[in-house]
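Novice: Please read through the structure below; I'll follow up with questions.
There are 2 protein chains.
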Amino acid sequence: MAELSTVDIDFGDDGLVPAVTQDADDGEVLMLAYVSPEALRRTVDTGRAHYYSRSRDELWEKGATSGNTQSVVDVRVDCDGDTLLYVVEQAGGACHTGYRSCFHRSVASIDDDGETVDVETVGEQVFDPDAVYE
Amino acid sequence: MAELSTVDIDFGDDGLVPAVTQDADDGEVLMLAYVSPEALRRTVDTGRAHYYSRSRDELWEKGATSGNTQSVVDVRVDCDGDTLLYVVEQAGGACHTGYRSCFHRSVASIDDDGETVDVETVGEQVFDPDAVYE
Chain A
0 MAELSTVDID FGDDGLVPAV TQDADDGEVL MLAYVSPEAL RRTVDTGRAH YYSRSRDELW
60 EKGATSGNTQ SVVDVRVDCD GDTLLYVVEQ AGGACHTGYR SCFHRSVASI DDDGETVDVE
120 TVGEQVFDPD AVYE
Chain B
0 MAELSTVDID FGDDGLVPAV TQDADDGEVL MLAYVSPEAL RRTVDTGRAH YYSRSRDELW
60 EKGATSGNTQ SVVDVRVDCD GDTLLYVVEQ AGGACHTGYR SCFHRSVASI DDDGETVDVE
120 TVGEQVFDPD AVYE
């Protein structure tokens, strides 16, 4: 038997922790979103990725609208207990722009103040967002 | 020639963005830390991963103390411009606890309020933190 220990997740001042989402098959980092205690509980209990939208101020289940669901294979907790990693089987694409990963732009150069970058699109668009989100 | 476009990075209210760090060789997600404009500029300009410590309130170069440096192969920007992905060649381990990844604990179960989890350690300890950080 593996030994278990108990961790209190360090939800921040806003009651949320960031969760990195990674593809279980090829290891691609798909997105980063935020998670409330209720979103985490539902994720662990159902095996379907849930997050908390800071802009809409509501719990959401990934793919409930778009069909681009995430079946959760593993949930990891980092050393400080203040970041999560969801390892998922991704249906379709994770990004609302139709790309497989939200991280589909690579930095080519940066300006002197460090706030503006030139980027090249490198990822793969796998669905048409206009057809999915109306 | 690839077409370039310009992105203003959306540094948050605290002037920082989260950066996910991934191993270039095997795709393992190693850590999440925060980045200031200056940390990002130094990362892009030098090819060595820089972050900004919220607890120590200072810029830091990964591995400057521990020797566990990160050579940056690629910097990605997400769709909203508010999260970065550093793809790196990691020397030694990324985690201050001596593990290769900070995400070395897997959630086995969760309590009803979603704030406490039982975890199993699954990662690989690759150095002795007591010997590295004195």
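Going line by line, the protein sequences match chains A and B.
Under numbering that gives the first Met the number 0, think of the first position of the first sequence as 0, with each following residue one higher.
Under numbering that gives the first Met the number 0, think of the first position of the second sequence as 0, with each following residue one higher.
Heads up, the beta-carbon is just placed ideally off N, CA and C, and yes, glycines get one too.
1) Okay, do the region 89 to 100 of chain B and the region 117 to 124 of chain B touch, 3+ Cβ pairs below 8 Å being the bar?
2) Please decide whether Val87 of chain B counts as near chain A, where near means a Cβ-Cβ distance under 8 Å.
3) Using a Cβ-Cβ distance cut-off of 8 Å, determine whether Thr5 of chain B contacts chain A.
4) Thinking C-alpha only, which one of B:Ser108, B:Val131 and B:Asp129 is nearest Glu2 of chain A?
5) Please work out which residues of its chain come closer than 8 Å, Cβ to Cβ, to Asp79 of chain B, disregarding the five sequence neighbours upstream and downstream, and give them in chain order.
6) Output the boundary residues of the alpha helix (DSSP H) element that contains Arg41 of chain A.
7) Can you check DSSP and say which residues form a bridge with Tyr85 of chain B?
8) Just to confirm before moving on: does the CB-CB distance between Ala48 of chain A and Tyr85 of chain A stay below 8 Å?
9) Which residues of the region 102 to 117 of chain B have a Cβ closer than 9 Å to any Cβ of chain A? Give them in chain order.
10) Chain B beta carbons: is any one of them nearer than 8 Å to that of Val72 of chain A?
11) Can you name, in chain order, every residue of its own chain whose Cβ lies under 8 Å from the Cβ of Arg53 of chain B, other than the five neighbours on each side?
12) Can you round the beta-carbon distance between Val76 of chain A and Val106 of chain B to whole angstroms, since I take them to be within the 8 Å contact cut?
13) Measuring CA to CA, which of A:Tyr50, A:Ala130 and A:Val6 is closest to Thr134 of chain A?
14) What residues from chain B crowd round Thr82 of chain A, counting only those whose CB sits closer than 7 Å?
15) By how many angstroms is the C-alpha of Val71 of chain A removed from the C-alpha of Asp112 of chain B?
16) Spatial neighbours of Gly127 of chain B within its chain, please: C-beta separation below 7 Å, excluding the five flanking residues on both sides.
17) For the candidate residues B:Thr45, B:Asp73, B:Asp44 and B:Pro36, whose alpha-carbon lies nearest to that of Glu57 of chain B?
18) Ordered along the chain, which non-local residues of its own chain (more than five positions away) have a Cβ less than 6 Å from that of Met30 of chain B?
19) For Thr82 of chain B, count neighbouring C-beta atoms within 10 Å of its own C-beta (all shown protein chains included) and say buried if the count is 16 or more, exposed if not.
20) Tell me the rounded alpha-carbon separation between Gly66 of chain A and Ala90 of chain A.
21) Under 8 Å by Cβ, that's how I've got Val74 of chain B and Val43 of chain B pegged, so tell me the actual separation to the nearest angstrom.
22) Residues in the same chain with beta-carbon distance under 6 Å from Gln69 of chain B, minus the five sequence neighbours each way, listed in chain order, please.
23) Cα separation between Arg41 of chain A and Glu27 of chain A?
24) Does chain A have any CB closer than 8 Å to the CB of Glu123 of chain B?
25) From this set, B:Arg104, B:Trp59, B:Leu39 and B:Ala130, which residue's C-alpha is nearest Gln115 of chain A's C-alpha?
26) Using a beta-carbon distance below 8 Å, is Thr96 of chain A in contact with chain B?
27) Is Asp112 of chain A helix, strand or coil when you go by DSSP?
28) For Gly11 of chain A and Gly11 of chain B, what's the separation of their Cα atoms in angstroms?
Specialist: This is what the structure holds:
1) Contact holds: three or more Cβ-Cβ distances are below 8 Å.
2) Taking the second sequence and counting its residues from 1, the one referred to as residue 87 of chain B is at position 88. By this cut-off, Val87 of chain B is not an interface position.
3) By 1-based counting over the second sequence, the position of residue 5 of chain B is 6. Yes, Thr5 of chain B lies at the interface with chain A (some Cβ there is under 8 Å from its Cβ).
4) Position 3 of the first sequence, counted from the first residue, corresponds to residue 2 of chain A. Nearest of B:Ser108, B:Val131 and B:Asp129 to Glu2 of chain A, Cα basis: B:Ser108.
5) Numbered from 1 along the second sequence, position 80 holds the residue referred to as residue 79 of chain B. The beta carbon of Asp79 of chain B sits closer than 8 Å to the beta carbons of Asp9 from its chain, once the five residues preceding and following it are set aside; these are given in chain order.
6) To locate residue 41 of chain A, count along the first sequence from 1; it is residue 42. First-last of the alpha helix (DSSP H) with Arg41 of chain A: Pro36 to Thr45.
7) By 1-based counting over the second sequence, the position of residue 85 of chain B is 86. Tyr85 of chain B pairs with B:Thr20 and B:Val74.
8) In the first sequence, residue 48 of chain A corresponds to position 49, counting from 1. In the first sequence, residue 85 of chain A corresponds to position 86, counting from 1. Cβ atoms of Ala48 of chain A and Tyr85 of chain A: closer than 8 Å.
9) Residues of the region 102 to 117 of chain B that bring their beta carbon within less than 9 Å of a beta carbon in chain A comprise Phe102, His103, Arg104, Ser105, Val106, Ala107, Ser108, Ile109, Asp110, Asp111, Asp112, Gly113, Glu114, Thr115, Val116 and Asp117, in sequence order.
10) Here the question's residue 72 of chain A lines up with position 73 in the first sequence. Judged by the 8 Å Cβ criterion, Val72 of chain A is not in contact with chain B.
11) Walking along the second sequence from the start, residue 53 of chain B turns up at place 54. Residues Asp13, Leu15 and Tyr33 of the same chain have their beta carbon placed closer than 8 Å to that of Arg53 of chain B, with the five preceding and five following residues left out of the count.
12) To locate residue 76 of chain A, count along the first sequence from 1; it is residue 77. To locate residue 106 of chain B, count along the second sequence from 1; it is residue 107. Sure, about 6 Å apart at Cβ, within 8 Å.
13) This structure cannot settle anything about residue 134 of chain A, because the visible part of chain A is limited to 0 through 133.
14) Taking the first sequence and counting its residues from 1, one reaches residue 82 of chain A at position 83. Per Cβ cutoff of 7 Å: Leu31.
15) For the purposes of this step, residue 112 of chain B is taken as residue 113 along the second sequence, with counting starting at 1. For the purposes of this step, residue 71 of chain A is taken as residue 72 along the first sequence, with counting starting at 1. Just so you know, the alpha carbons of Asp112 of chain B and Val71 of chain A end up roughly 20 Å apart.
16) Along the second sequence, one-based indexing puts residue 127 of chain B at 128. Before going further, note that residue 127 of chain B is Asp rather than Gly in the sequence given. Cβ neighbours of Asp127 of chain B beyond the five flanking positions: Gly97.
17) In the second sequence, residue 57 of chain B corresponds to position 58, counting from 1. With distances taken between Cα atoms, Glu57 of chain B lies closest to B:Pro36.
18) One-based indexing of the second sequence puts residue 30 of chain B at position 31. Counting only residues of its own chain and dropping the five nearest sequence neighbours on each side, Met30 of chain B has a CB closer than 6 Å to the CB of Thr20, Ala93 and Cys101.
19) Here residue 82 of chain B refers to the residue found at position 83 of the second sequence. The residue is buried, with at least 16 neighbouring Cβ atoms inside 10 Å.
20) Here residue 66 of chain A is taken as the residue at index 67 of the first sequence, counted from 1. Here residue 90 of chain A is taken as the residue at index 91 of the first sequence, counted from 1. Those two C-alpha atoms are separated by around 7 Å.
21) Translated into positions along the second sequence, residue 74 of chain B becomes position 75. Translated into positions along the second sequence, residue 43 of chain B becomes position 44. Indeed they touch by this definition, with Cβ atoms about 6 Å apart.
22) Sequence index remark: in the second sequence, residue 69 of chain B carries index 70 (1-based). Contacts found: Ala48, Lys61, Val87 and Gln89.
23) Within the first sequence, the letter at position 42 stands for residue 41 of chain A. Within the first sequence, the letter at position 28 stands for residue 27 of chain A. Those two C-alpha atoms are separated by around 24 Å.
24) Residue mapping note: residue 123 of chain B aligns to position 124 of the second sequence, counting from 1. By this cut-off, Glu123 of chain B is not an interface position.
25) Here residue 115 of chain A is taken as the residue at index 116 of the first sequence, counted from 1. It should be pointed out that residue 115 of chain A corresponds to Thr in this sequence rather than to Gln. For Thr115 of chain A, the closest C-alpha among the options B:Arg104, B:Trp59, B:Leu39 and B:Ala130 is that of B:Leu39.
26) Position 97 of the first sequence, counted from the first residue, corresponds to residue 96 of chain A. Proximity of Thr96 of chain A to chain B, defined by a Cβ-Cβ separation below 8 Å, is satisfied.
27) Counting from 1 along the first sequence, the entry for residue 112 of chain A is found at position 113. Note: Asp112 of chain A maps to coil in three-state DSSP.
28) Residue 11 of chain A sits at position 12 when you count from the first residue of the first sequence. Residue 11 of chain B sits at position 12 when you count from the first residue of the second sequence. Their Cα atoms are separated by approximately 15 Å.
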